Amino acid sequence: MGFFDWLTRRLLGAGRPTPNRPEWAEVSEEAGRSKRLRATAAHRPQLLAQNGLPPLATRDDLARALGISRGALDWLAFPDKAKEPPHYSAFAVPKRSGGYRVLYAPKGRLKKAQQWVYREILAKVKPSAAAHGFAKGRSIHTNAAPHAGKDIVITLDLQHFFPTITYRRVRGIFQSLGYGEEVAIALAMLCTVRPAEKLRGLLGGQRHRMLPQGAPTSPALANLACRHLDARLAGLARKFGCTYTRYADDLTFSGDAAFERTLKRFLPLLHQVVKKEGFELQKGKTHFARRGARQEVTGLVVNDGPRVPRAYRRRLRAILHNARKTGLEAQNRDKHPHFAHALRGRIEFIRSTHPQLAVKLLAELKALR
691 MGFFDWLTRR LLGAGRPTPN RPEWAEVSEE AGRSKRLRAT AAHRPQLLAQ NGLPPLATRD
751 DLARALGISR GALDWLAFPD KAKEPPHYSA FAVPKRSGGY RVLYAPKGRL KKAQQWVYRE
811 ILAKVKPSAA AHGFAKGRSI HTNAAPHAGK DIVITLDLQH FFPTITYRRV RGIFQSLGYG
871 EEVAIALAML CTVRPAEKLR GLLGGQRHRM LPQGAPTSPA LANLACRHLD ARLAGLARKF
931 GCTYTRYADD LTFSGDAAFE RTLKRFLPLL HQVVKKEGFE LQKGKTHFAR RGARQEVTGL
991 VVNDGPRVPR AYRRRLRAIL HNARKTGLEA QNRDKHPHFA HALRGRIEFI RSTHPQLAVK
1051 LLAELKALR
């Protein structure tokens, strides 16, 4: 009995295999694929060539492209039913807004395979025009800029963003790119994880395989999973004469006074679109900011153009000033393990809107090290 035959029997239970049913399709159903889904199993080499993607027709092709054996691929993509994901280190970290975020760090061989999938496949597929997070040439600055100088800015959060994007969606993404079912299943299994039971409460109760936050493939897959959502929300924004952008799970709409007068009609339609696309808005995280108040988008104030908030700049300048007397570590009140590196990250954040100040702050930081 080959490795994959043994693995299939372990996953599905001993017994006679289903007649005329490919082994990888059986495992796919175990991974959470509904039997009612229409199987779009065709490999479409012309579409792959059009997108500049590797022409992988079988799992053997995928294994060769990854530079590993077929057995190693099956071991990475189709792990046995373990209580803990065998190819990840999972841990919960506190969020600034309260609660915890579950991060998954893929282990060596899986991480290397995921990096190949990202580099050779996902990085070659452009996200929607509305997506500004995890997209080359886009940033929090490009996400905030379209909302500058508007009469009203509305920000909303998608709840349990990565856990909501399940194996079924991910497999569908790879099939939409032109991969046949066999390869799409293997790719989707490489890029998803079955959540450990003890962590499900932090993941919205998700039990099925999902995108692991922390894997190199997850940000790009999340953007691709939102293509239809972005298209529908951009269309809704055009209908109401407002602007829409998305940065990861942060949705932003802005417009003039005429748009503000339509909010009673706009908001129910917005909720309806999000729900129909399989997502959910986080309760209590919808914020309205009119021109007279501070309007903030992805950490930048946009009342008169994207800029880092003054209070943020003041706090960083105070840390560096005090560190000249006490040393850097005395200012590390949150016990950050790489405090100097974190401060440099804050300076780079400031550089996006205040480049001259960033140069000065960076020089001060270097003088302290």
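The sequence shown begins at 691 in our numbering and counts up one residue at a time. Glycine included, each C-beta is placed from N, C-alpha and C at the ideal position. Since the model is a prediction, treat every value here as computed from it, not as a measurement.
Residue of the options minimising C-alpha distance to residue i
| i | options | result |
| --- | --- | --- |
| arginine 936 | Ser818, Leu746 and Gly789 | Ser818 |
| glutamine 849 | Gly894, Tyr869 and Val860 | Gly894 |
| arginine 981 | Ala835, Leu990, Asn741 and Asp994 | Asp994 |
| alanine 921 | Tyr934, Ala912 and Phe930 | Tyr934 |
| leucine 800 | Val783, Lys785, Pro776 and Arg1000 | Pro776 |
| aspartate 946 | Val964, Leu960, Ala979 and Phe969 | Ala979 |
| leucine 923 | His898, Leu1010, Ala905 and Phe956 | Phe956 |
| leucine 766 | Ser866, Ile855 and Cys881 | Cys881 |
Beta-carbon gap between residue i and residue j smaller than 7 Å
| i | j | result |
| --- | --- | --- |
| leucine 746 | valine 883 | no |
| tyrosine 808 | proline 796 | no |
| leucine 812 | alanine 910 | yes |
| leucine 752 | alanine 948 | no |
| proline 996 | alanine 835 | yes |
| leucine 793 | glutamine 903 | yes |
| glutamate 986 | isoleucine 842 | no |
| alanine 915 | arginine 859 | yes |
| isoleucine 1037 | alanine 1020 | no |
| glutamine 804 | proline 906 | yes |
| isoleucine 830 | threonine 976 | no |
| phenylalanine 969 | threonine 952 | no |
According to DSSP, residues forming a beta bridge with residue i
| i | result |
| --- | --- |
| threonine 1043 | DSSP, once it has assigned bridges, lists no residue as partnering threonine 1043. |
| valine 987 | Leu990 |
| glycine 995 | Asn993 |
| phenylalanine 978 | Ile844 |
| valine 792 | Ala782 |
| alanine 905 | Gln903 |
| leucine 971 | Leu848 |
| alanine 821 | Arg936 |
Straight-line Cα distance separating residue j from residue i
| i | j | result |
| --- | --- | --- |
| proline 853 | methionine 900 | 5 Å |
| threonine 845 | phenylalanine 781 | 29 Å |
| histidine 837 | threonine 942 | 8 Å |
| leucine 1052 | phenylalanine 1039 | 12 Å |
| arginine 1014 | arginine 1005 | 15 Å |
| phenylalanine 768 | glycine 761 | 10 Å |
| glycine 974 | aspartate 750 | 48 Å |
| arginine 861 | glycine 925 | 26 Å |
| glycine 891 | proline 885 | 10 Å |
| tyrosine 857 | lysine 814 | 21 Å |
| leucine 1058 | proline 1027 | 17 Å |
| glutamate 1054 | asparagine 1012 | 11 Å |
| serine 1042 | phenylalanine 851 | 26 Å |
| alanine 912 | glutamate 810 | 17 Å |
| glutamine 865 | arginine 928 | 30 Å |
Considering only residues of the region 913-959, which uninterrupted beta strand (DSSP E) runs meet the minimum length of 3 residues and lie entirely inside it, listed in chain order?
933-937 and 940-945
Can you list the beta strand (DSSP E) stretches of 3 or more residues lying completely in the region 823-899, in chain order?
842-847
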